[in-house]
Amino acid sequence: MTDEQRCTARPGNGPLIVDVHAHHFPAGLPDWSRLTGSSRWPSLAAEADGGRIMRGEDVFRKVRPPLWDVSARLAELDSAGVGLQVVSPVPVTLTYWADAKQAAAYTREMNDALAADVAASDGRLIGLGGVPLQDVDAAVEELGRIMSLPGMYGAEIGTVIAGRELDDPGLRPFFGAAQSLGAALFIHPMDGGTGVIRRTGQPYEFGMGMLTDTAMAAAALVFGGVLDDFPGLRIALAHGCGAFPWVYPRLRLGAGMGSDRPGSAYDELVRSLWVDALVFDPEHLRLLTRRFGSGHIMVGTDHPFFPGLLEGVPELVRDAAAQKIIAPAQATSVLGTNALDFLRIKH
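Numbering-wise, our numbering puts 313 at position 303 of the sequence shown, and it's gapless, one number per residue.
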């Protein structure tokens with residue numbers, strides 16, 4: 011399917027809706043826990059009425075068939091009126107903790123299977139793969155391979171890479187490769203953000219940990235020189251960029267202490283980032299628009315993990331327009347065309 015055909019892939023009437031934040035776990039991948047003897051490797055136990063993501067013999071998460079079944083996924087997209095969906099790996103499959111060679115082999119298998127499912131979607135799915143970033147050279151090689159696969163547009167990466175923040179100098183070659191290849195990068199929090207908050211469990215990990223973790227990643231990109239060094243990067247951050255939009259003014263003030271760099275320079279870097287609208291409150295779109303610009307906000311639903319969000323996030327965008335938080339034309343862009351711009355799909 012051509013880019014032009016993708017832009018007309020919309021169920022029903024109304025503007026095209028593109029969901030940039032959804033996860034996919036291909037069925038049929040080997041159980042690497044058995045292959046390696048380590049219980050940390052994730053695997054999928056898929057059944058007709060449901061399934062489980064396993065880590066060794068332990069259930070990591072109960073899941074639904076749309077996570078691996080393309081037909082079931084497309085049926086839900088049709089029901090929700092979503093025309094295109096960008097699918098990326100389940101974050102637990104970003105195995106930065108593992109032996110680099112094993113992680114590279116596992117990631118390659120996952121990417122090939124994900125690309126095959128994208129190819130089976132009749133153009134309704136777009137793929138972002140994973141990369142073994144504990145070995146930057148291997149990650150660069152795999153990113154290049156991902157970009158050669160039909161329907162694959164870039165990679166999902168974590169907020170922190172085996173203890174290294176995203177402004178770690180050792181990661182610079184990867185960002186340089188992403189810029190050169192024109193790859194879209196989607197940054198997603200890891201492990202509930204347990205390393206950045208002092209309480210574990212719920213609601214703390216989901217409600218604060220993941221948002222703080224994402225804010226730390228954005229701060230590393232903005233204040234750690236990554237966006238300065240690679241101005242052509244296209245990076246989107248999950249969950250409305252977490253807590254970053256709220257803490258940014260204080261971060262900017264702190265960065266200015268002892269520095270002659272004007273705050274407006276950081277403002278420009280922030281507005282080069284992209285974010286999803288998975289923020290649960292239409293009022294939050296007001297601040298996202300101020301920080302990133304309405305052209306850099308996109309629908310993201312975390313499908314298929316949380317019931318109701320596939321329909322709920324587009325409705326949140328429409329509610330924001332109804333409440334005059336954003337203009338109707340901005341809402342139309344947020345619903346679909348912004349994502350096409352992020353992915354560099356012609357429309």
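Built from N, CA and C at the ideal position, the CB exists for glycine as well.
Being a predicted model, the structure only gives us computed values, none of them experimental.
- Alpha-carbon spacing of residue 79 relative to residue 36, whole angstroms: 8 Å
- Can you name, in chain order, every residue of its own chain whose Cβ lies under 6 Å from the Cβ of residue 196, other than the five neighbours on each side? 98, 138, 166 and 246
- Message: If distances are taken between C-alpha atoms only, which option among 306, 319, 300 and 312 comes closest to residue 335?
- Response: 300
- Message: Please give me, in chain order, every unbroken run of the beta strand (DSSP E) with length at least 3 that falls completely inside the stretch 63-88.
- Response: 68-73
- Pull up the distance between the alpha-carbon of residue 31 and that of residue 180, whole angstroms please. 27 Å
- Task: Output the distance between the C-alpha atoms of residue 119 and residue 329, rounded to the nearest integer angstrom.
- Result: 41 Å
- Message: Using only CA atoms, which one of 46, 136 and 72 lies nearest to residue 28?
- Response: 136
- Distance, Cα to Cα, residue 198 vs residue 172? 14 Å
- Message: Which same chain residues end up closer than 6 Å to residue 53 when comparing Cβ atoms and leaving out the 5 residues on each side of it in sequence?
- Response: 41 and 64
- Just mark residue 39 as buried or exposed, buried being the case when its beta carbon has 16 or more other beta carbons within 10 Å. buried
- Query: Is residue 263 closer than 8 Å to residue 309 when the C-beta atoms are compared?
  - Reply: no
- Query: By how many angstroms is the C-alpha of residue 48 removed from the C-alpha of residue 69?
  - Reply: 15 Å
- Item | Whole-number beta carbon distance between residue 159 and residue 125, since they are thought to touch under 8 Å | 4 Å
- Item | Assigned secondary structure, residue 286 (DSSP; H/G/I helix, E/B strand, else coil) | strand
- Message: Measuring straight from C-alpha to C-alpha, what distance separates residue 321 and residue 236?
- Response: 35 Å
- Task: Grab me the residues of residue 324's own chain with a C-beta within less than 7 Å of its C-beta, minus the 5 sequence neighbours each way, in chain order.
- Result: 27, 309 and 345
- Query: Cα separation between residue 219 and residue 203?
  - Reply: 4 Å
- Quick one, are the C-beta atoms of residue 271 and residue 352 less than 8 Å apart? no
- Message: So for residue 97, helix, strand or coil by DSSP?
- Response: strand
- Query: Name the DSSP beta bridge partners of residue 196, please?
  - Reply: 166 and 246
- Give the secondary structure of residue 179 by DSSP, where H, G and I count as helix, E and B as strand, and everything else as coil. helix
- Where does the unbroken alpha helix (DSSP H) through residue 294 begin, and where does it stop? 294-302
- Task: Could you check if residue 212 is buried or exposed, using at least 16 other CB atoms within 10 Å of its CB as the buried criterion?
- Result: exposed
- Where residue 193 and residue 163 are concerned, what is the direct C-alpha to C-alpha distance, given to the nearest angstrom? 6 Å
- Message: Just to confirm my understanding: we take residue 311, look at its own chain, exclude 5 residues before and 5 after, and list those with CB closer than 7 Å. What are they?
- Response: 29, 31, 32, 288, 319, 320 and 323
- Task: Would you identify the three-state DSSP class for residue 259, choosing helix, strand or coil?
- Result: helix
- So, using beta-carbon positions, are residue 207 and residue 224 closer together than 8 Å? no
- Task: Would you give the residue range spanned by the beta strand (DSSP E) that residue 55 belongs to?
- Result: 52-57
- Using beta-carbon positions only, say whether residue 240 and residue 185 come within less than 8 Å of one another. yes
- Output the distance between the C-alpha atoms of residue 55 and residue 333, rounded to the nearest integer angstrom. 44 Å
- Can you name the start and end residues of the alpha helix (DSSP H) that residue 130 belongs to? No alpha helix (DSSP H) contains residue 130, which DSSP labels as neither H nor E.
- Of the residues 267, 200 and 149, which one's Cα is nearest the Cα of residue 188? 149
- Message: Using a Cβ-Cβ cutoff of less than 6 Å, which residues in the same chain neighbour residue 168 once the five nearest sequence positions on both sides are dropped?
- Response: 104 and 200
- Cβ atoms of residue 144 and residue 110: under 8 Å apart, would you say? yes
- Close-in-space but distant-in-sequence residues of the same chain around residue 302 (CB under 8 Å, 5 per side omitted): 251, 255, 280, 281, 283, 284 and 285
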